[in-house]
Every structure is written in structure tokens, then in C-alpha cells.
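First comes the structure, then the notes that go with it.
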Amino acid sequence: MKSVWVDNAPYVKFEALDGNKNTDVLIVGGGIAGILCACKLKNAGVDCVLTEAAEICSGVTKNTTAKITLQHGLICNNLIKHFDEDEARLYLKAQIRAGEEYARMCRNIDCDYEKKDSYVYSLHDRKKIEKEVAAFNKLGVKAEFSDAPELPFAVAGAVRVKDQAQFHPLKFIFAIAKDLPIFEHTKVVELQPGKAVTTHGEIRYKKLIIATHFPILNKHGGYFLKLYQHRSYVLALQSARNVDGMYVDEADTGLSFRHYGDILLLGGGGHRTGKQGGCWQELEAFAKKHYENYQIAGKWATQDCMTLDGVPYIGQYAKATPDVYVATGFNKWGITNSMVAADILSDLIQGKPNPWAEVFSPSRSVLHPQLAVNVFDSTVGLLTPTVPRCPHLGCALKYNRAEHSWDCPCHGSRFAENGELIDNPATDDLQLKKRV
Ligand code: FES
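Residue numbers (this note's numbering): 23 to 458.
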């Protein structure tokens with residue numbers, strides 16, 4: 023179940039920490055967000071160190087479909103609904119800047135970067151699409167209505183934004199990571215103010231960035247209420263009809279399409295982690311119906327942190343932790359939002375103003391209907407009397423038949439059948455009782 027990026031990535035290995043160390047900024051988590059933060063800080067002359075519990079990009083980053091686009095679902099109408107037009111413009115400007123930064127960096131990196139148009143389609147609701155096109159244009163970003171004729175089925179309409187991009191994420195990340203101060207196989211086991219205890223020594227820091235996908239610091243910030251996790255699935259199909267763009271359904275449970283070379287990456291089958299969904303079965307049924315003579319070149323799944331209002335949490339971790347920062351909740355759009363995170367956090371750490379920091383602030387209001395859903399699901403998980411129980415906060419785990427794992431419906435931790443931790447926010451393996 024490996025992604026297509028894994029087989030031909032130019033891997034770079036890093037040593038584990040060896041003894042104690044001092045640094046100005048400690049970054050915990052070696053996915054794309056942490057690595058971009060380290061890159062930006064190092065380029066600004068800031069002393070920093072990044073620790074990764076396993077190997078860099080061994081978590082969700084290797085499973086992305088790697089679309090570099092500002093079109094995050096029907097984002098404009100969502101932003102206007104939950105924020106105001108000025109804040110919506112700032113969100114888009116942050117994404118445009120991120121796209122420009124990728125274009126600049128990728129000029130010198132062999133990472134299959136290519137410009138592509140981006141589409142968000144609706145199967146049945148043309149009005150929704152027309153409204154989103156109008157919202158984009160009102161916010162100053164050119165978008166147009168399209169019938170999305172490349173898709174193998176009819177749609178009610180699609181929003182098209184030209185000149186977005188796609189790339190090979192691991193070729194890009196390993197190229198930028200190779201000169202960074204990274205320690206692999208160095209798990210942080212305890213965080214204290216100004217000090218991190220790891221499996222290979224202690225690191226004293228002045229500022230801390232937590233970039234562990236789901237934030238691992240439970241005591242502050244209430245992230246276990248402000249986030250939930252969502253799983254989605256990808257089939258890599260060789261010899262399926264090419265789509266010369268990046269397509270995403272506006273519906274949460276819809277499909278996504280992009281090509282990498284002659285391989286179609288078909289995404290979908292999604293569901294909240296720990297609940298039922300279509301998984302690969304749904305994608306395989308779709309492929310059988312719409313394509314002929316294709317071969318399955320790979321299949322994998324990924325996991326995304328979803329916020330209450332569709333905007334990531336990037337900034338100060340919590341009001342009570344002035345020197346701790348977080349980047350999380352990318353809502354399935356981790357590539358551009360990781361670059362936004364690096365932009366915001368490097369400015370905040372250097373005491374510089376950042377034009378869009380306020381929009382992404384983790385301290386913004388939590389008054390949103392999704393909060394009630396998260397609280398309800400967590401309560402049900404806690405009260406369900408079955409075993410095994412999740413080592414994070416004790417919810418009942420559900421067995422995931424498609425992936426042979428134990429998944430937590432409360433906050434999305436996942437464990438292999440032997441109890442090994444796969445996904446945060448739990449930080450420890452699951453202790454399974456041996457059957458007698
Ligand atoms: Fe929080 Fe399982 S992830 S209780």
C-alpha cells in the first residue's frame with residue numbers, strides 16, 4: 023500500500039540526536055510543514071533544529087496527491103460565510119504567495135513541477151458553482167465556469183482557476199531537506215517549558231513549533247475538540263483516460279482526479295476516521311465502470327486534520343504558551359497551507375508582522391456547529407464500553423477492515439494490528455492484551 027511517490031524518491035537519511043543540545047527554535051515533526059518552517063528559518067539566519075520520531079516524510083506527507091492550488095473546495099463562499107470579505111481576501115493572498123513560492127523554489131529542483139488548471143465540480147448543483155465563480159471574481163481572483171468535459175461523467179458545472187500546479191512532493195522535500203539541521207529517529211517523549219526530552223537526549227529551546235500533523239500537546243489549546251480527522255483513499259491507475267487538470271468534487275465524499283505521468287490518481291471513498299466509508303472498494307467500482315484495460319499501479323490512504331471553520335490553525339499554540347507555535351488543520355490542502363505556515367511562523371518567531379497571521383490564528387472563535395459534532399462523537403467514543411481503548415484519552419477503538427488497523431473515532435489516532443502507533447494525537451503504542 024505505498025504511494026507512487028515512495029518508489030522513486032531521492033531519499034536522504036539523517037542521524038539521530040546524540041546527547042544534549044541547545045537551539046533557538048525547536049521544530050517537532052518532519053513532514054512538509056515542519057521542513058518548510060526549518061528551511062525558511064534557516065534561510066533567515068535563525069538557529070533551529072528539527073526532530074522527527076521516525077524518518078522525514080514517513081507520515082501523511084508521502085500520501086498526498088500534491089496539488090498546489092488556492093482552490094480549496096468551495097473556499098470563497100465558505101470564507102465569506104465564516105469570516106468577512108477582507109479576511110477571505112487575505113486567505114487567498116496567503117495561498118497565492120504560497121503558490122508563487124513553490125514556483126520559485128521548484129525552478130531549481132527536479133520535482134516534476136508542472137502548471138495545471140484546477141477545478142472544483144458539483145454533480146448536481148450548478149447554482150453553487152456559479153456562486154463560487156462570482157465569489158472568486160468579487161475577491162479579486164479570476165475564475166470561470168466550466169463543464170469539465172475531461173471527466174468521465176457529466177457534472178452540473180465546475181469552477182476553473184487557471185495556472186495552478188502539481189509536483190512530486192518527495193522529490194521536492196528531500197531536495198530542500200538535505201542541508202537542514204534534522205535529527206531522525208528522535209522522538210520527543212516529554213515537553214517542558216524551554217526543554218524537550220527526547221529518546222536520544224534533551225534539547226533546550228527558546229521557541230517551539232509543533233508540526234506533528236495532529237498537535238501532540240494535550241494540555242493547551244483544546245485541539246482535540248477543535249479538530250477531527252478524515253481518511254481518504256487513492257487508487258493509482260495506469261492507462262486510464264488522462265485528465266489534463268486537477269479535479270475535486272465539492273462534496274466531502276466525492277472523487278478527485280489528477281495525473282502523474284501516465285498514471286491517474288483517483289481519490290475518494292472518504293470518511294471520518296473510525297467510521298465507515300467507501301474506501302478503495304468505491305474507487306475500484308468506479309474504475310471498473312468508467313475505464314477499460316487499466317492496471318492498478320498502487321493504492322494508499324491518507325489522513326487529514328479538519329478544523330471547525332475550514333481554515334487551518336497556524337500561529338501561537340494557545341494564549342497561555344507565548345513561545346509555542348503550531349501548524350495544523352490543513353483541511354486536505356496540506357501543500358499550500360504548509361507553505362503558508364512556514365511564512366507565518368517564521369515571521370512570528372522573528373517578531374515581524376505577518377499580513378495574514380490573524381486569519382489563521384488558532385485562538386479565533388470556536389463557536390461553530392462542527393464543535394457540537396466533535397463533542398458528541400468524542401462522548402459516544404468515551405461511553406462505548408468495548409475494548410481496546412485508545413491510549414490518547416481512552417475512547418473505544420474501532421477495527422478498520424480495509425486497512426487492518428485500530429482507529430479512534432474521537433480524534434483519529436490509529437494503530438496497527440500489533441498495536442504500533444500509526445497516527446497521532448496518541449503518542450504511545452496500543453498495549454493489546456494477549457488472547458489466552
Ligand atoms: Fe483521542 Fe483516541 S485519539 S481518545
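Using N, Cα and C, we set each Cβ at its ideal position, and we do this for glycine too.
Item	Value
Neighbouring residues (CB closer than 7 Å to any heavy atom of the ligand NAD)	Of the ligands this structure carries, namely the ligand FES, none is the ligand NAD.
Cβ-based burial, A66 [other Cβ within 10 Å; buried from 16]	exposed
Top-ranked residue by Cα proximity to A418, from T295, Y339, A424, Y335	T295
Run of the beta strand (DSSP E) containing V155, from where it starts to where it stops	Unbroken run through V155 is the alpha helix (DSSP H), 148-160; no beta strand (DSSP E).
Which of helix, strand or coil DSSP assigns to F194	helix
Span separating the alpha-carbon of V409 from that of Y124	45 Å
Whole-angstrom distance between P203 and V47, CA atom to CA atom	11 Å
M127 vs F196 beta-carbon contact at 9 Å	no
Inter-residue Cα distance where the pair is F308 and G289	11 Å
8 Å Cβ shell around Q317 - same chain, five flanking residues per side excluded	L259, Q260, S261
Alpha-carbon spacing of Q453 relative to N159, whole angstroms	53 Å
Within 9 Å, strictly: CB atoms of V395 and Y255	no
8 Å CB neighbourhood of I131 in its chain, flanking five on each side removed	K193, F194, A197, I198
Q214 versus Q372: straight-line alpha-carbon distance, rounded	22 Å
Residues near E425 by beta carbon distance below 7 Å, same chain, minus five either side	A323
Boundaries (first-last residue) of the alpha helix (DSSP H) holding N99	97-104
Test item: CB-CB of G52 and L72 under 9 Å	yes
Bridge partner(s) assigned by DSSP for L454	In the DSSP output, where bridge partners are listed per residue, L454 has none listed.
Where the beta strand (DSSP E) containing Q214 begins and where it ends	210-214
Chain-order list of residues whose beta-carbon lies under 8 Å from that of E107 (same chain, five-residue window excluded)	K160, L161
Beta-carbon proximity of H281 to F175, cut-off 9 Å	no
Buried/exposed call for K321, threshold 16 Cβ in 10 Å	buried
Residues of its chain near Q325, where Cβ-Cβ distance is below 6 Å and the 5 sequence neighbours each way are ignored	V82, Q251, R253, D445
Closest residue to T221 among E74, E306, N44, G299 (Cα-Cα distance)	E74
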